[in-house]
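In terms of numbering that gives the first Met the number 0, the sequence shown has 347 at position 348, counting the first letter as 1, and numbering is strictly consecutive. C-beta atoms are modelled at their ideal positions from N, C-alpha and C, and glycine is treated no differently. Note that the coordinates shown come from a computational prediction; the quantities given were computed from them, not determined experimentally.
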Amino acid sequence: MPPLTKTPPPHLNGSANGLSQSDSLDYLIHSYPYLDLEVTSDNLFEGAWNVVSSVFPIWKRNNVKFTQCKDGITNQLVRVVHTLDNVSVLVRAYGKGSEIIIDRKQELINIITLSAQNLCPPLYARFKNGLVYGFIEGTVSTVEDMFDAEKANMIAVKLARWHKVQPLADSDPNNHEDTKLWSTMRKWMDSGESIFQAARRLPILNGLTTFAKSIDMDFLKHELKTLSATLTSLNSPIVFSHNDLLYGNVIYAQNQAFFIDYEYGMLAPRGFDIGNHFNEFAGFECNYDNYPNKAFQMQWFEWYLAASSGSQPSEEEKEKLFQEVEHYSLASHLYWGLWALCQAMVSDIDFSYMDYAVLRFSEYKKRKAQVIEHSQ
C-alpha cells in the first residue's frame with residue numbers, strides 16, 4: 000500500500016513527465032490507495048469499519064468509536080475515532096445519485112491540492128463510493144458565530160488564503176471561461192428540466208405540485224443566460240473557491256478558521272464565493288433577513304482585502320468588491336435552487352429538496368429586484 004500521509008507536489012507539470020495534464024492528474028489520484036469496498040446507508044458503521052480497518056490494519060474494533068455526522072444533505076459521514084491514540088478520520092459515503100451533481104474527480108483534486116498547502120487534512124484512501132480522510136478537531140461554527148467580529152475576521156482571512164491557491168490543473172485565472180460555475184449551472188438546468196418533465200408525467204416527487212405552481216423552467220433558463228452575461232461583465236477575479244461556506248463547514252481551532260467539505264470547490268469568481276457565504280447567514284431555516292448589512296460587509300471586505308494584498312484597501316476597492324458580492328449573491332440562489340431540483344429526484348437523504356428549491360428561487364427574484372433592477 001502506498002504511503003498514507005504523503006504530501007503531493009503543489010503543481011504537476013504534465014509535459015515534464017511525458018503525460019498530458021489530465022493524465023498527470025489521473026496518475027496522482029490513482030497513487031492513493033483504492034479499496035474495493037462499498038459503504039451502504041443501511042449498514043453505515045459496519046461499512047465504515049471495513050474501510051478504516053483496511054487503511055489502518057493495526058486498529059482493533061473494540062478500540063474504535065463511530066459517530067454519524069447528520070448535518071450533511073448530500074453525503075453520509077461517519078467520524079471514526081481510534082480511542083487508544085485519539086486519532087480521528089472521516090469516512091464519507093457519497094449520496095445516492097450525487098455524481099449527477101458533483102464532479103468527484105474535481106473533489107479529489109481539491110483535497111490533494113489543499114492538503115499540500117495545509118488547508119485541509121490528508122486523503123488516506125478512496126473506496127467504491129467514497130473517501131476516507133483526516134478530521135479537523137475544533138468547534139463547529141454557528142450562524143451567530145459568523146456575525147461575531149473576531150470569528151468573521153478569521154473566516155475572511157482564511158478565505159483570502161484559499162483564494163490564492165493555485166489549482167493543480169493548468170488554468171488562466173484571468174479567463175472567465177475557465178470557471179466551471181456557469182457550465183455547472185447549465186448542466187444542472189438541463190438535468191433539472193428533464194427531471195421536472197419526467198415527474199410531471201409520473202407525479203411521484205414530493206413537493207412537485209408546489210414547485211410547478213411557483214417556478215417556470217423557461218423563466219429559469221432565461222435568468223441564467225442573462226445573469227451570467229451581466230455578472231461576467233463585472234470582471235470579478237477568478238479564484239480557487241470553496242463555494243459552500245455555510246456555518247457547518249467552518250471549524251474554529253488554534254485561533255483560526257478551517258473549512259471542511261471540498262466537493263463544490265472549483266475556480267469561480269471571488270464575488271460568488273463571498274456572496275454565497277453571506278447568503279448562508281440565513282442558516283438552514285433560510286431566514287434571509289439575516290443577510291449581513293453593508294456596514295458589516297465593508298468591515299469584512301477590509302479584513303479580506305488586507306489579508307489578500309498585505310496592505311489596507313481603499314474605499315474604492317471595498318466598494319468594488321461590495322458590488323461584485325451583491326450581484327453574485329444572486330447567482331448563489333440560482334446555483335443552490337438548481338442543485339436542489341436535481342437532488343430531489345435522486346437523493347435518499349431525508350430532506351425537502353423541492354421546498355428548498357422554491358425558497359431559493361423565490362429569494363432570487365426578491366433579491367434581483369433589490370440588486371439589479373434597483374441599480375438600473
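Top-ranked residue by Cα proximity to residue i, from the options
i: Y352; options: W338, K365, K364; result: W338
i: Q196; options: Y303, L340, I250, L230; result: L340
i: E37; options: P166, Q75, I273, W181; result: Q75
i: F126; options: Y290, H29, T141, D243; result: H29
i: E323; options: T229, N248, H162; result: T229
i: Q342; options: S97, S53, Q105, L27; result: S97
i: G282; options: S140, E106, K69, I111; result: S140
i: M317; options: S331, H332, F300; result: A quick correction: the sequence has Lys, not Met, at residue 317. Answer by Cα proximity: F300.
i: W378; options: L113, K186, M145; result: In the structure as shown, the chain begins at 0 and stops at 375. Residue 378 is therefore absent and cannot be evaluated.
i: Q407; options: Y132, Y93, E314, M153; result: With the chain covering 0 to 375 only, the question about residue 407 has no answer from this structure.
i: V54; options: Y132, L245, A306; result: Y132
i: G137; options: L320, S308, D354, A252; result: A252
i: F271; options: E325, E262, Y246; result: E325
i: S308; options: L158, L34, R103, I371; result: L158
i: T178; options: M188, S240, L167, A151; result: S240
i: I57; options: T39, D84, D35, Y26; result: D84
i: D41; options: F257, R103, Q165, Q67; result: Q67
i: Y26; options: D35, L107, K69, Y93; result: L107
Bounding residues of the alpha helix (DSSP H) (the contiguous stretch that carries residue i)
i: C341; result: 314-345
i: T178; result: Premise fails: T178 is in no alpha helix (DSSP H) and is neither H nor E.
i: H221; result: 216-231
i: S53; result: 43-54
i: T39; result: No alpha helix (DSSP H) contains T39, which DSSP labels as neither H nor E.
i: L304; result: 293-308
i: V142; result: 142-146
i: G96; result: Where G96 is concerned, there is no enclosing alpha helix (DSSP H), given that its DSSP letter is neither H nor E.
i: I110; result: 103-115
i: F277; result: 269-278
Rounded Cβ spacing between residue i and residue j (contact assumed at less than 8 Å)
i: R366; j: L329; result: 6 Å
i: G327; j: G264; result: Here residue 327 turns out to be Tyr, not Gly, going by the sequence shown. Not a contact, Cβ separation roughly 16 Å.
i: I101; j: E284; result: Wrong, their Cβ atoms sit about 25 Å apart, outside the cutoff.
i: I259; j: N248; result: 5 Å
i: Q296; j: F321; result: 6 Å
i: P312; j: L304; result: 4 Å
i: Y33; j: D144; result: With 8 Å as the limit, Y33 and D144 do not qualify as a contact, their Cβ atoms being about 38 Å apart.
i: M188; j: K220; result: 6 Å
Proximal residues to residue i (C-beta, below 7 Å), its chain only, five neighbours per side dropped
i: F65; result: F44, A47, V77, V79
i: K95; result: V345, S346, D347
i: Y287; result: A281, E362
i: E222; result: L333
i: Q105; result: M265
i: C119; result: I110, L113, Y261
i: V156; result: W302, A306
i: P166; result: T112, F239, L266
i: A382; result: There is simply no residue 382 to check, as the chain begins at 0 and stops at 375 in what is shown.
Cut-off 8 Å between Cβ atoms - residues of its own chain near residue i, not counting five sequence neighbours on either side
i: T4; result: At T4, the pLDDT of 40 sits below 50, so the modelled position is not reliable; the number obtained from the coordinates is stated separately. Cβ within range, chain order: P121, Y123.
i: D217; result: none
i: V63; result: W48, V51, V79, V80, H81, T82
i: S235; result: P268, R269, G270, F271, E323, Y327
i: F134; result: R78, S87, V88, L89, P120
i: R60; result: W48, S52
i: I99; result: S190, C341, V345
i: K293; result: F321
Start and end residues, beta strand (DSSP E) containing residue i
i: I250; result: 249-252
i: F258; result: 255-258
i: I371; result: Run containing I371: none; DSSP gives neither H nor E here.
i: G92; result: Here residue 92 turns out to be Ala, not Gly, going by the sequence shown. Segment 86-92, the beta strand (DSSP E) holding A92.
i: H81; result: 75-81
i: R125; result: 122-126
i: F134; result: Premise fails: F134 is in no beta strand (DSSP E) and is neither H nor E.
i: V63; result: 63-68
i: S240; result: 237-240
Close beta carbons around residue i, own chain, < 6 Å, minus the five adjacent residues each side
i: S227; result: W181
i: A356; result: G336, A339, L340
i: N289; result: F280, A281
i: K364; result: none
i: N278; result: S328, S331
i: R379; result: A query on residue 379 cannot be resolved here, the shown segment of the chain reaching from 0 to 375 and no further.
i: V238; result: H162, R269
i: Q369; result: none
i: H276; result: L244
i: I214; result: F360
i: D147; result: none
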